[in-house]
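Visitor: In this note's numbering, the protein residues as written are 10 to 679.
Just so it is clear, CB atoms sit at the ideal spot from N, CA and C, and this is done for glycine as well.
The model shown is predicted, which means the values in this text are computed figures rather than measured ones.
Submitted below is the structure of interest, expressed as structure tokens.
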């Protein structure tokens, strides 16, 4: 049996130390490593050893209990949440480590929500029971309040052979009607209860918990035994099916080879085999079995294996490949952006290429070039991530870069329908596209529909237009922020039998979207975060005043001895810089954590727009290209309707807009 198990935690919960002990107790290591000794098996990169934190998700492969285990270590720092999230998509089970000193943190809740979204069964290990101030019972009460009431306490209640204590057996029976009947008729039977508990764990109905000290190795052996007995998979049943896999991550090795880590969910995969990807067929040049920093070339792998494949240039983290192909989608979203400052003797094209390589490994970086400002910008989760990027660029490419101040990552949408026309007709090219942009529900992203008849434009061209709608991160016209929550409808389109090529519709589609955005009533959206603030109770007055100034929607403080807890929502633009201020006023005893909740119209939109000095005409063009007497010429965005070759809802509505504008102009002069 093959099992893929991931380990997750908030930062400093002792996750890496726990992993070392698991590997040691499974006889995969002769001795457990230590973070402070810089010899942890899964802290592979020099940056991880130097900083003492997990930055990249890495895997160990070992045999235990007659099964093959893939143990996936993930980052605990919030700045690397996207790296952690990508690992969730390939897990069969997860182990969540919680410190018995710090307890359930805001990031713990974030991880828990992601585990629920991905449907991953969870075991919990309450760590650091040996530390002063550790209170496992209090942490358990808090975890049942904030994570799930179905956490099953198996401390001292789970024997080596899987036998349960009376109390634990009753909890298991309460979730299984047949077992409850058996409890009253024939009594407890170990095999039946163990099988039921396994089913309930797999269905996320129960979440087993144990406690101990990873540093001292206490409770780890018992936990590993429980994990072995209560986890199972069925990959053997899918071994004869057509090949299917999910890409977990992309890495470049020391020789510059691009490797895609695949979790095979069905069938087999061989080196030199051609497989289907979302971008079309691609050949696997090499397969590697990876264990920590080492790897071994292999000829084939089968369902349940996690392997590294070379030769899949277009596959991205999260993609499904094989018999079922699908593009990736993740939940983590950076809230900040930062401008890249690089040496003057480095051409922007080279700098972009270097950053694009990092983006292949970390898609959330969202590397973008602004023609308007002639600058490169990255999307980031925080300052620690920027420090790591700086060191990676220096290490890999020998370029010393710096970054401008982190700025809030705004989004843009529209308040009312807007129409756009894009025409692209240099000599021997031709495409025209008419679109309507409608406001969509908040958080829905970009969607596409077509009202264009196939007799007017073939389905092949319409599908190509849809591809172009989604392949590019279209920018709003207010500050150039990413566009969201818009439904884009194809109204009309025209091709030319001789001159139209695929790229022509890309140009026409981009220009039509931009053309509509120039006419639209734009809305600037800002991130709103749920926050958790802890501070000394004697700082309550000052903190509540600060939250009011931030326009936070805060719930009444909850007092716990000399400490208070305040939860609520606030715009990230005001919340993001408060961490240092809170630390100062509380003499280092305050803590602030947050996570993105939603985007909402920005209350300071005018000030933000004025501060950005964005020129929409200097960025993605809203103009069109027409042809006359054998030569192409550019038509400004507000004149395109007068030259359009098609009559549609778009041309009629734009004509009406012009008439309305003319009436307003006459009224103004009168």
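#1: Is the number of C-beta pairs between the region 610-628 and the region 522-538 that are closer than 8 Å three or more?
#2: Taking the beta strand (DSSP E) that residue 176 belongs to, which residues open and close that run?
#3: Measure the C-alpha to C-alpha separation of residue 191 and residue 202 and round it to an integer number of angstroms.
#4: What does DSSP give as the partner residues of residue 102 in its beta bridges?
#5: How close, in whole Å, do the beta carbons of residue 350 and residue 412 come, if the pair is a contact with beta carbons under 8 Å?
#6: Is the shortest distance between the beta-carbon of residue 386 and the beta-carbons of chain B less than 8 Å?
#7: Could you pull out every residue in the same chain whose Cβ sits closer than 7 Å to the Cβ of residue 650, ignoring the five residues on either side in sequence?
#8: Helix, strand or coil for residue 169, going by three-state DSSP, please let me know.
#9: CB residue 498 to CB residue 459, shorter than 8 Å?
#10: Identify, in the order they occur along the chain, each residue of the same chain with its Cβ nearer than 7 Å to the Cβ of residue 395, setting aside the five sequence neighbours on each side.
#11: Is the region 425-443 close to the region 510-521, with three or more CB pairs under 8 Å?
#12: Determine the direct distance from the alpha carbon of residue 145 to that of residue 262, and round the result to whole angstroms.
#13: If you draw a straight line from the alpha carbon of residue 625 to that of residue 527, how long is it in whole angstroms?
#14: For residue 581, does the three-state DSSP call read helix, strand or coil?
#15: Mind checking which residues open and close the alpha helix (DSSP H) that includes residue 386?
#16: What residues match up with residue 429 in a beta bridge as DSSP calls it?
#17: Would the region 167-175 count as touching the region 241-252 if we require 3 or more Cβ pairs under 8 Å?
#18: Please report the distance separating the alpha-carbon of residue 463 from that of residue 657.
#19: Is the beta carbon of residue 274 sitting closer than 8 Å to the one on residue 334?
#20: Indicate whether residue 681 and residue 230 have their beta-carbon atoms separated by less than 8 Å.
#21: Please tell me whether residue 539 and residue 423 are closer than 8 Å, where the distance is taken between their beta carbons.
#22: Note down the Cα distance separating residue 196 from residue 246, rounded to an integer number of angstroms.
#23: Skipping 5 residues on each side, what residues in its chain have a beta carbon closer than 7 Å to that of residue 157?
#24: What does a CB cutoff of less than 6 Å around residue 303 pick up in its chain, not counting 5 residues either side in sequence?
#25: From the DSSP output, which residues share a beta bridge with residue 538?
#26: Which residues does DSSP pair with residue 306 in a beta bridge?
#27: Measure the Cβ-Cβ separation of residue 520 and residue 595 and say whether it is below 8 Å.
#28: Threshold first: 3 residues or longer. Then list the beta strand (DSSP E) segments lying entirely within the region 229-268, N to C.
#29: Tell whether a beta-carbon distance below 8 Å holds between residue 104 and residue 14.
#30: Figure out for me which residue from 138, 630, 163, 315 has the closest Cα to the Cα of residue 221.
#31: Just to check my reading of the structure: residue 29 and residue 66 have Cβ atoms closer than 8 Å, yes? What is that Cβ distance to the nearest angstrom?
#32: Can you check which of these residues, 476, 10, 542, is closest to residue 248 by C-alpha distance?
#33: How is residue 24 classed by DSSP in three states: helix, strand or coil?
#34: For residue 238, which residues in the same chain have their Cβ closer than 6 Å to its Cβ, ignoring the five residues on either side in sequence?
#35: DSSP on residue 677, reduced to helix/strand/coil?
#36: Could you check whether residue 177 and residue 107 sit closer than 8 Å to each other, using their CB atoms as the reference points?
Guide: To lay it out plainly:
#1: yes
#2: Looking at the DSSP string, residue 176 is not in any beta strand (DSSP E); the run it does join, the alpha helix (DSSP H), is 175-183.
#3: Approximately 10 Å between the Cα atoms of the pair.
#4: 14
#5: 6 Å
#6: In the structure shown, chain B does not exist; there is a single protein chain.
#7: 430, 660, 663, 664
#8: Looking at residue 169 - three-state DSSP - the assignment turns out to be coil, as it is neither helix nor strand.
#9: yes
#10: 347, 389, 412
#11: yes
#12: Approximately 42 Å between the Cα atoms of the pair.
#13: 8 Å
#14: helix
#15: Note, residue 386: premise wrong, no alpha helix (DSSP H); beta strand (DSSP E) at 384-389.
#16: 444
#17: no
#18: 15 Å
#19: In this structure, the beta-carbon distance from residue 274 to residue 334 does not fall below 8 Å.
#20: Any answer about residue 681 is impossible in this case: the structure gives the chain only from 10 up to 679.
#21: no
#22: 34 Å
#23: 216
#24: none
#25: BP columns for residue 538 point to 579, 605.
#26: Paired residues: 297.
#27: No, the pair does not count as a contact, with Cβ atoms beyond the cut-off.
#28: 253-261
#29: yes
#30: For residue 221, the nearest C-alpha among the options comes from 138.
#31: Going by Cβ atoms, the distance from residue 29 to residue 66 rounds to 16 Å, so no, they are not a contact pair.
#32: 10
#33: helix
#34: 171
#35: With a pLDDT of 45 at residue 677, under the threshold of 50, the predicted position of this residue should be treated as unreliable, and no value is reported.
#36: no
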